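Counting in the numbering used here, the sequence shown runs from 2 upward without gaps.
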Amino acid sequence: MGWKTPKIEYVNGYKIVEVEGPSFKVYDGDRQLGDDFPYPGEAAAYATSLPKRDYPRS
2 MGWKTPKIEY VNGYKIVEVE GPSFKVYDGD RQLGDDFPYP GEAAAYATSL PKRDYPRS
């Protein structure tokens, strides 16, 4: 399997990154929040449940 660029999406101001597995991680800046999620919908629901951020941190 070759190297691939991770898919990144922003939900509620939080970054959701797809990694090998596949699994999905929710980040606030460089800090991972919660566990690894098996589905993007679960990661998005978790990000939506968090307090809204005005802007995504890089």
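Glycine included, every Cβ here is placed at the ideal spot set by N, Cα and C. Since this is a predicted model, take the numbers as computed values, not measurements.
Within 7 Å, strictly: CB atoms of residue i and residue j
| i | j | result |
| --- | --- | --- |
| V20 | P39 | no |
| D36 | S24 | no |
Rounded Cβ spacing between residue i and residue j (contact assumed at less than 8 Å)
| i | j | result |
| --- | --- | --- |
| I17 | P41 | 7 Å |
Buried/exposed call for residue i, threshold 16 Cβ in 10 Å
| i | result |
| --- | --- |
| A46 | exposed |
| Y15 | buried |
| M2 | Reliability of the predicted coordinates at M2 is poor, the pLDDT of 49 falling under 50, and the value obtained from them is presented with this limitation in mind. With fewer than 16 Cβ atoms within 10 Å of its Cβ, M2 is classed as exposed. |
Per DSSP, the bridge partner or partners of residue i
| i | result |
| --- | --- |
| D29 | R32 |
| Y40 | Paired residue(s): none; Y40 is not in a bridge. |
| S24 | V20 |
| Y15 | V12 |
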